[in-house]
Amino acid sequence: MCAQAVTLTSFGAARTVSGSLHLLDLDAPVAVDCGQFQGSPELEALNHQPLGFEPRDLSAVFLTHAHLDHVGRLPLLTRRGYRGPVYCTPATAALCEIVLLDAARIEVERYTQQLRAARRSGLPEDAVLPPLFEPAHVQSTLAQLRPELTFGEPLRHPGGGTVTPLRAGHILGSASLLFRTRAGRLLMSGDLGHWALAGAPLRGLQRPPESALADAAVLETTYAHRRHQPWASSVHDLAEILRGAVQRGGKILMPSFATERTQLLLWTLKTLMESGDVPHLPVFLDSPMAARATQEYFRFAGELRPDLAEAVASGLDPFSPSGLHTVKDAAESGKLARFPGPAILVAGNGMLSGGRMVRHLQAHLGDPAATIVLTGYQAPATPGGQLQAGAATITLGTERLEVRAQVRSVAGFSAHGDQATLLNYLAAAGWPSTWLVHGEPGAMTEFAGVLAGRGVSVAAAAAGETVRVLG
Ligand SMILES: [Zn+2]
Numbered sequence: 001m002c003a004q005a006v007t008l009t010s011f012g013a014a015r016t017v018s019g020s021l022h023l024l025d026l027d028a029p030v031a032v033d034c035g036q037f038q039g040s041p042e043l044e045a046l047n048h049q050p051l052g053f054e055p056r057d058l059s060a061v062f063l064t065h066a067h068l069d070h071v072g073r074l075p076l077l078t079r080r081g082y083r084g085p086v087y088c089t090p091a092t093a094a095l096c097e098i099v100l101l102d103a104a105r106i107e108v109e110r111y112t113q114q115l116r117a118a119r120r121s122g123l124p125e126d127a128v129l130p131p132l133f134e135p136a137h138v139q140s141t142l143a144q145l146r147p148e149l150t151f152g153e154p155l156r157h158p159g160g161g162t163v164t165p166l167r168a169g170h171i172l173g174s175a176s177l178l179f180r181t182r183a184g185r186l187l188m189s190g191d192l193g194h195w196a197l198a199g200a201p202l203r204g205l206q207r208p209p210e211s212a213l214a215d216a217a218v219l220e221t222t223y224a225h226r227r228h229q230p231w232a233s234s235v236h237d238l239a240e241i242l243r244g245a246v247q248r249g250g251k252i253l254m255p256s257f258a259t260e261r262t263q264l265l266l267w268t269l270k271t272l273m274e275s276g277d278v279p280h281l282p283v284f285l286d287s288p289m290a291a292r293a294t295q296e297y298f299r300f301a302g303e304l305r306p307d308l309a310e311a312v313a314s315g316l317d318p319f320s321p322s323g324l325h326t327v328k329d330a331a332e333s334g335k336l337a338r339f340p341g342p343a344i345l346v347a348g349n350g351m352l353s354g355g356r357m358v359r360h361l362q363a364h365l366g367d368p369a370a371t372i373v374l375t376g377y378q379a380p381a382t383p384g385g386q387l388q389a390g391a392a393t394i395t396l397g398t399e400r401l402e403v404r405a406q407v408r409s410v411a412g413f414s415a416h417g418d419q420a421t422l423l424n425y426l427a428a429a430g431w432p433s434t435w436l437v438h439g440e441p442g443a444m445t446e447f448a449g450v451l452a453g454r455g456v457s458v459a460a461a462a463a464g465e466t467v468r469v470l471g
């Protein structure tokens, strides 16, 4: 067989961390992920631009995981003519439904609000960007999902070779994809979690078998320039913050994203309360999306560490601290401000830029007894970012609020591996030639220097540029 070249063209997550969309020509054009740009208004405006290629030409789409920045433009593929299969793991398919329907709801709400504002102020209605997609478009996309990827098992891809998903340990269902082609083996990392965290619920990264070492890799670099705080010390810090917060007697607000972070927090709270490190407290989970996502952790318990998988199989719930109450609806959420005494409120979104946490923040930000615990990355422009930077006042909607609550940050809860994890991953893959994606330019430059120092061929993919990765 002659070795045909394999090319890579990135139409997202090229020298930035969102919008993952990579085209591979494996003798047949396929896409890996199709995510939304997220962050600044300039980045988000890119979601409304042409995709950069003709969706009808694709032979297949493969998904690494169900985060919005990896699946959030799938309905646009469908709207623009793609009718082919979208391969993913079963858990990714389940989470995709939750994530995409929520995104469609938010888009329709955003459009309705902006339209109303335009009418009020006499601005032209056609200046308002229409919704990227609506629930009906999501349903069409969901019908294209083929949840046929099984960890460790090769599946034929349209280029004539196989693709093998390997556990990526990032969120439920997350996979790295190892493509075998006539020109060699290409590893698409997707987002990577950790090898194994002593305390975390998900099983860790899966090492490629010896027979599957890669010739080339396309690697995420979110935290390629960082070393994470050890897990045990993060949990220790969280316990200390919670004990102090309980003593002050106020509410404890834990902003969280619905998938993975919420389950990690609930599980950590349960272990801390059961060990006596933190007093038993009421915990209100005020996120319907997080509650639905947690159900999928039970359905796909095989992806949890073996002891937790066993606990689930015997009917135990690792994600329910003793005082957990799942808030049913917005009316009940509104009444929480009147709940007396200390309690933990877990709600979205993780950066306080929307979702039910905004209302809780409005109720408690001015209370010196309250504590806001930030466990995730906070983009500087978001309310969470401003709180983390120590702002004395922040703006929520049209309201300017004084910050009197304590704001505490805990590092180490990231679902992304750090530099050491990425280096171990490349070592396990046999130090392939590496293309860097899904990172800020500074992180990529630093990591490229580290790899070059080890003699690894390395480059950062540029948006829209086609590079030969194999052959
Ligand atoms: Zn992700």
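Here the sequence shown stands for residues 1 to 471, numbered as in the UniProt record's numbering. A virtual CB, placed ideally from N, CA and C, is assigned to each residue, including glycine.
Proximity test, residue i beta-carbon vs ligand 1 heavy atom, cut-off 7 Å
| i | result |
| --- | --- |
| Ile171 | yes |
| His65 | yes |
| Ile22 | Here residue 22 turns out to be His, not Ile, going by the sequence shown. Checking the Cβ of His22 against ligand 1 gives no. |
| Asp57 | no |
| Asp191 | yes |
| His194 | no |
| His228 | no |
| His70 | yes |
Three-state class that DSSP yields for residue i in the structure shown
| i | result |
| --- | --- |
| Tyr223 | coil |
| Gly184 | strand |
| Asp27 | coil |
| Ala14 | coil |
| Asp286 | strand |
| Glu402 | strand |
| residue 473 | Absent from the model: residue 473. The displayed extent of the chain is 1 to 471, so no value can be given. |
| Ile241 | helix |
| His325 | strand |
| Ile171 | coil |
| Met1 | Because Met1 sits at a pLDDT of 43, beneath the cut-off of 50, its placement in the model cannot be relied upon, and the following sentence gives the value as read from the coordinates. Note: Met1 maps to coil in three-state DSSP. |
| Met351 | coil |
| Trp195 | coil |
| Pro383 | helix |
| His22 | strand |
| Arg56 | helix |
| Arg156 | strand |
| Phe62 | strand |
| Ser333 | helix |
| Ala216 | strand |
| Leu145 | strand |
| Arg408 | strand |
| residue 494 | In the structure displayed, the chain extends from 1 to 471; residue 494 sits before or after that span and is not available. |
| Ser320 | coil |
| Leu442 | It is worth fixing the name first, because residue 442 is Gly in this sequence and not Leu. In the structure shown, Gly442 sits in a helix (DSSP, three-state: H, G or I). |
| Asp277 | coil |
| Asp69 | helix |
Residues that DSSP places opposite residue i in a beta bridge
| i | result |
| --- | --- |
| Thr466 | Thr9 |
| Phe179 | Val163 and Leu186 |
| Thr393 | Glu402 |
| Pro340 | DSSP, once it has assigned bridges, lists no residue as partnering Pro340. |
| Leu304 | Leu202 |
| Pro255 | Ala347 |
| Tyr297 | None; Tyr297 has no bridge partner. |
| Arg79 | None; Arg79 has no bridge partner. |
| Ser457 | Partner(s): none; Ser457 has no beta bridge. |
| residue 519 | The shown model of the chain, from 1 to 471, leaves out residue 519, and the question about it has no answer. |
| Gln264 | Note that residue 264 is Leu in the sequence shown here, rather than Gln. The partner list for Leu264 (beta bridge, DSSP) is empty, contrary to what the question assumes. |
| residue 523 | A question about residue 523 goes unanswered here, because the residues of the chain that appear run from 1 up to 471. |
| Trp435 | Val218 and Ala459 |
| Val373 | Arg408 |
Min CB distance residue i to chain E below 8 Å
| i | result |
| --- | --- |
| Val407 | Looking for chain E here will not work: only one protein chain is present. |
Near ligand 3: residue i beta-carbon under 7 Å from a heavy atom
| i | result |
| --- | --- |
| Ala448 | Looking for ligand 3 in the displayed structure turns up nothing; the ligands present are ligand 1. |
Cβ separation of residue i and residue j, assumed to be a contact under 8 Å, to the nearest whole Å
| i | j | result |
| --- | --- | --- |
| Met444 | Thr221 | 5 Å |
| residue 472 | Pro432 | Since the displayed the chain opens at 1 and closes at 471, residue 472 lies outside it and no answer follows. |
| Gly159 | Thr181 | 6 Å |
| residue 482 | Phe257 | Any question about residue 482 goes unanswered here, given that the chain covers just 1 to 471. |
| Ser20 | His438 | 6 Å |
| Arg261 | Thr375 | 7 Å |
| Pro342 | Gly276 | Going by Cβ atoms, the distance from Pro342 to Gly276 rounds to 17 Å, so no, they are not a contact pair. |
| Gly184 | Ala216 | 7 Å |
| Ala460 | Ala448 | 7 Å |
| Ala405 | His364 | 6 Å |
| Met254 | Ile171 | With 8 Å as the limit, Met254 and Ile171 do not qualify as a contact, their Cβ atoms being about 18 Å apart. |
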